[in-house]
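The next block holds one structure in the form of structure tokens; read it before the comments.
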Amino acid sequence: MIYTFDKSLETGNAAIDAQHKELINAVNNLLEACAKGMGRAEIQSTVKFLADYTVKHFADEEKLQKQYNYPGYAAHKKLHDDFKTEVNAIIDDYVKDGATVALTFKINTKVAAWLINHIKGEDKKVAAFIKNGK
Ligand SMILES: [Fe+2]
1 MIYTFDKSLE
11 TGNAAIDAQH
21 KELINAVNNL
31 LEACAKGMGR
41 AEIQSTVKFL
51 ADYTVKHFAD
61 EEKLQKQYNY
71 PGYAAHKKLH
81 DDFKTEVNAI
91 IDDYVKDGAT
101 VALTFKINTK
111 VAAWLINHIK
121 GEDKKVAAFI
131 KNGK
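All the letters of the sequence shown, read from the start, carry residue numbers 1 to 134 under the working numbering.
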């Protein structure tokens, strides 16, 4: 499954949106690498990019929330931390068992679906708060 960054994912904050686009691309690249049965080095580099970019993006988003005194900061950060744990678990699965069907299923449900849901809900709230102060 390939995911598209369409209008429904736009938060209206250009910096956040650009990073979200990059994240969706990273998920697609990883899924494609698994689907095409690419070698370990390729899959590992796509999974590492996704993990590293997630850490960077969350740090930037959390910094922004702090800067604007976003009231939902602590709860939002907890969601980010749980997601990072999930991505690390997926990396461990990959290292242990390789690009299995179960792994692809997890990437679709625990990574892609989570991200899309999080962007549409929580991140849109953040962007609206930054824009309107509420
Ligand atoms: Fe977020």
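By construction, the Cβ of each residue, glycine as well, lies at the ideal position given by its N, Cα and C atoms.
Backbone CA spacing between residue i and residue j [nearest angstrom]
i	j	result
D98	L79	The identity of residue 98 in the sequence shown is Gly, whereas the question assumes Asp. Cα to Cα, the separation comes out at about 27 Å.
D139	E62	Because residue 139 is not part of the residues shown, which for the chain are 1 to 134, the question remains open.
I90	Y73	26 Å
G133	T11	15 Å
L31	E122	25 Å
Q19	H57	7 Å
K106	L64	29 Å
K48	N117	22 Å
L115	V87	11 Å
T109	N69	31 Å
Nearest to residue i (by Cα), restricted to the options the options
i	options	result
F5	K66, I43, K120 and K84	K120
E22	L50, A35 and S45	L50
Y3	N13, D17, A15 and N29	N29
beta-carbon residue i near ligand 1 non-hydrogen atom, thresh 7 Å
i	result
E61	yes
E122	yes
Secondary structure of residue i, DSSP reduced to three states
i	result
A99	coil
I90	helix
I107	helix
G121	helix
I2	coil
- prompt: Which whole runs of the alpha helix (DSSP H) in the stretch 5 to 81 are 4 residues long or more, in chain order?
  reply: With a minimum length of 4 residues, the continuous alpha helix (DSSP H) runs that stay inside the stretch 5 to 81 are 14 to 35 and 40 to 67.
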